[in-house]
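Numbering (the numbering used here), first residue to last: 549 to 1032.
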């Protein structure tokens, strides 16, 4: 537009110059005629009156014509300016409509997705096209650190932006989230205005940064940049991005809720493998979640129980595998019932062995008491099962279970990979409980003096002897629990 207007203005000046030249030529012509008349010998030789009037008339005519052309050209210039201004406004409107249409398509796309990573990747990639930008990134608040973390980035330097961390209130992104204000920046950013902004790096010519929020709660920011070229965003771009940001925030929040709900269901399913439904519900009421992460590798004192079938190996040679598996299913069910009835945590089944612990994640007044109650119930349920199965096969007459119980400090939490993990306990106290179980005779419960002391005389026990177990540095004072 500017070039077209300048071209028209040049034409006007050219016409004015031509008019001046014509006027000068006519003036010189008149002067020449007068000069010739002045030096002539006789009026009869040449009559000057006609040419003189003709020249004056021609001069006035040319002057009027030039004035007419100049006035019309100036009107044409004004019309042209108005036309180009309207055209520029129409172009801007068309671009804004196109941008808005593209943003609506992106909104529709992300609202149809459920996975958070897919939504963030789509936003960062498509926003480049919508605003003809060079860089874009989506940053969300990291719950573990409280910092803004880049979750998705596209365009120039995207590989360097991924996983970048920004403290709240620092740099442009941190300032935008803290102050809950969208920013349009044209030109290089002054680091003093936004503490924490990198001084060195790629020059950003223009930038848009908006907060992502649900209600009044900020969840992150959306950045869009133009880098290394002469192009700038407008206030309209900022408004359009802000409108899109509201829709994007809802999609992101919904995906986060869905992910949390899915994870909660997975955790609940995991916990229900090790706890009774009553314990799971108590955990939810106490903590508001089943998230085991705060308890990873937490050191605490617990009571650990192992139960193992004696003479189990002899069964392998006397009954078929199908019957053995059926028996183990019934055995596991009975042992699980005993653990769950006493608010224990079922750690795992290892062949014919059962491992459980008491006191976590649900706190108990006396974990040792719950462990002994579980052990006694295990013996009762096992004998009921043995009697039931023994009616059809004499092979089960010789089997029994030995139980070991120990109290001590252990590490507790989830162990494994992201795709598969277990909630378990690790430590010397666990190893000692296992050694006690291995040493116990059928229908015998062995424990330690520390565990006995926790009961304050509530159970009947007798000192068995001091035993040096493999892997245990000192001899252990072993007690047997009376079942009466």
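Glycine included, each C-beta is placed from N, C-alpha and C at the ideal position.
Of the residues the options, which one's Cα is nearest the Cα of residue i?
| i | options | result |
| --- | --- | --- |
| residue 691 | 684, 699 and 685 | 699 |
| residue 671 | 695, 770 and 727 | 770 |
| residue 652 | 910, 852, 984 and 789 | 789 |
| residue 944 | 888, 988, 883 and 871 | 871 |
| residue 684 | 992, 694 and 705 | 705 |
| residue 990 | 970, 703, 930 and 1005 | 930 |
| residue 918 | 986, 806 and 1003 | 1003 |
| residue 857 | 887, 900 and 874 | 900 |
| residue 754 | 663, 762, 984 and 785 | 785 |
| residue 781 | 678, 893, 666 and 998 | 678 |
| residue 886 | 947, 873, 904 and 688 | 904 |
| residue 982 | 1001, 779 and 898 | 898 |
| residue 702 | 936, 687 and 620 | 687 |
| residue 764 | 738, 728, 811 and 673 | 728 |
| residue 738 | 730, 726 and 720 | 720 |
Along the chain, where does the beta strand (DSSP E) containing residue i start, and where does it finish?
| i | result |
| --- | --- |
| residue 777 | First-last for residue 777: undefined, no H or E at that position. |
| residue 509 | Here the chain covers residues 549 to 1032 and nothing more, so residue 509 does not appear. |
| residue 700 | 696 to 703 |
| residue 734 | 731 to 734 |
| residue 896 | 893 to 898 |
| residue 1012 | 1009 to 1015 |
| residue 758 | 752 to 762 |
Let me know the secondary structure DSSP gives residue i once reduced to three states.
| i | result |
| --- | --- |
| residue 724 | helix |
| residue 594 | Summary for residue 594: the model assigns pLDDT 46, below 50, so the residue's position carries little reliability; its value from the coordinates is reported in the next sentence. Of the three classes helix, strand and coil, the one that applies to residue 594 here is coil, per DSSP. |
| residue 1000 | helix |
| residue 978 | helix |
| residue 1028 | strand |
| residue 626 | helix |
| residue 807 | helix |
| residue 713 | strand |
| residue 995 | strand |
| residue 1020 | coil |
| residue 842 | Below a pLDDT of 50, predicted positions are generally treated as unreliable, and residue 842, at 42, falls in that range; the measurement from the model is reported next regardless. Reduced to three states, the DSSP call for residue 842 is helix. |
| residue 661 | coil |
| residue 1005 | coil |
| residue 706 | helix |
| residue 656 | helix |
| residue 566 | helix |
Quick one: measure Cβ to Cβ for residue i and residue j, integer angstroms, because I've assumed they're closer than 8 Å.
| i | j | result |
| --- | --- | --- |
| residue 949 | residue 927 | 7 Å |
| residue 855 | residue 902 | 5 Å |
| residue 681 | residue 773 | 6 Å |
| residue 876 | residue 923 | At roughly 20 Å, the Cβ-Cβ gap does not stay under 8 Å, so residue 876 and residue 923 are not in contact. |
| residue 906 | residue 851 | 5 Å |
| residue 958 | residue 977 | 5 Å |
| residue 955 | residue 992 | At roughly 18 Å, the Cβ-Cβ gap does not stay under 8 Å, so residue 955 and residue 992 are not in contact. |
| residue 768 | residue 760 | 4 Å |
| residue 848 | residue 960 | 6 Å |
| residue 722 | residue 713 | About 10 Å separates the two Cβ atoms, so there is no contact after all. |
With respect to 8 Å, is the separation between the Cβ of residue i and the closest non-hydrogen atom of the ligand SAM below this value?
| i | result |
| --- | --- |
| residue 934 | Here there are no bound small molecules, and the ligand SAM is not part of this structure. |
Tell me the residue span of the alpha helix (DSSP H) that contains residue i.
| i | result |
| --- | --- |
| residue 687 | Where residue 687 is concerned, there is no enclosing alpha helix (DSSP H), although the beta strand (DSSP E) it sits in stretches over 683 to 689. |
| residue 742 | Unbroken run through residue 742: none, as it is neither H nor E. |
| residue 867 | It is not in any alpha helix (DSSP H) - residue 867 carries neither H nor E in the DSSP assignment. |
Review point. Can you list, in chain order, the stretches of the beta strand (DSSP E) that have 3 or more residues and sit fully within the region 901 to 971?
Key: 901 to 906 and 948 to 964
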